[in-house]
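Engineer: Below is the structure I would like to discuss, written out as structure tokens.
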Amino acid sequence: MAAVKATSLSGGGASQDLYSNQLAAIRTTPWWRYGDRDQRLLGLKVRMAREWCVYAADSEALLSDLADDSLGVLSLTRRRELLNSIAARDWDGVWRTITLTDLLFLADRYLDRYPRSPWNSPVDTALRRAGQLSDGISLRLLGSLPGSPSVQLN
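Now the structure itself:
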């Protein structure tokens, strides 16, 4: 395998250290503990949260629920930008505002809020099935989520 050298467009400095630290984190992650079920669960959570954003554009109730459940997940500024972008159907603005970690949080809040899908969603069905096969603990190997217990790397 070819060695990967951490470089940056700015020529070094703090960004060089950042890239080196990111590569070190990737190399030290116990990938053998992260499996196909975990990857499927991750993908479904991201899709579910994105779907919630899309459906919220057509439903005041869903937008209100999303507004409530994004409190404490997004900063007030990003939350306002997200909700305004959804209401305006500015999808570039929505996806630029929300991060992968935000989507994971929102997917968990979606599952807590709705015991079943408020719209006919095959993603919801698949997510609930995948959640029965994987508890999601291995997703924390990708990075910690605030408020979640940590995972031992050994």
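Numbering follows my numbering, with no gaps: position 107 of the sequence shown is 227.
Think of the CB as a built atom: it goes at the ideal place given N, C-alpha and C, for glycine as much as any other residue.
Applying the 10 Å Cβ sphere with the 16-neighbour rule, what's the burial state of S184?
Structural biologist: That one is exposed.
Engineer: With 16 other CB atoms within 10 Å as the buried threshold, where does S179 fall?
Structural biologist: That one is exposed.
Engineer: Going by DSSP, what residues sit across from L191 in a beta bridge?
Structural biologist: BP columns for L191 point to L194.
Engineer: Spatial neighbours of E201 within its chain, please: CB distance less than 6 Å, with the 5 preceding and 5 following residues excluded, ordered by chain position.
Structural biologist: The answer, listed in chain order, is T217.
Engineer: Do the stretch 228 to 244 and the stretch 161 to 172 touch if we need at least three Cβ pairs shorter than 8 Å?
Structural biologist: The answer is yes - the stretch 161 to 172 touches the stretch 228 to 244, with three or more Cβ pairs under 8 Å.
Engineer: Where does A208 fall in DSSP's three states?
Structural biologist: DSSP places A208 in coil when its eight states are reduced to three.
Engineer: Can you list, in chain order, the residues of its chain with a C-beta nearer than 7 Å to that of D222? Leave out the 5 residues immediately preceding and following it.
Structural biologist: If we look at D222 and ignore the five residues flanking it on each side, its Cβ neighbours are V193, L194.
Engineer: Tell me the residue span of the alpha helix (DSSP H) that contains A169.
Structural biologist: Counting along the chain, the alpha helix (DSSP H) containing A169 begins and ends at 156 to 176.
Engineer: Which whole-angstrom value describes the C-beta separation of L186 and C173, a residue pair presumed to lie in contact below a C-beta threshold of 8 Å?
Structural biologist: That belief holds up - the Cβ atoms of L186 and C173 are roughly 7 Å apart, short of 8 Å.
Engineer: Assuming contact is defined by CB atoms lying nearer than 8 Å, are I206 and A169 in contact in what I supplied?
Structural biologist: Not in contact: I206 and A169 (Cβ atoms no closer than 8 Å).
Engineer: Specify the secondary structure class of P238 as computed by DSSP and reduced to three states.
Structural biologist: Three-state result, P238: coil.
Engineer: If you drop the 5 nearest sequence neighbours on each side, which residues of the same chain put their C-beta closer than 6 Å to that of A250?
Structural biologist: Cβ within range, chain order: R160, L161, L164.
Engineer: I need the straight-line Cα distance from D189 to S135, nearest angstrom please.
Structural biologist: Computed Cα separation, rounded: 34 Å.
Engineer: Report the rounded CA-to-CA distance for S237 versus D158, giving the unit in angstroms.
Structural biologist: So the two alpha carbons sit approximately 22 Å from each other.
Engineer: Here's a check: name, in chain order, each residue in its chain whose Cβ is nearer than 6 Å to the Cβ of R199, leaving out the five neighbours to either side.
Structural biologist: Hits under 6 Å: S190.
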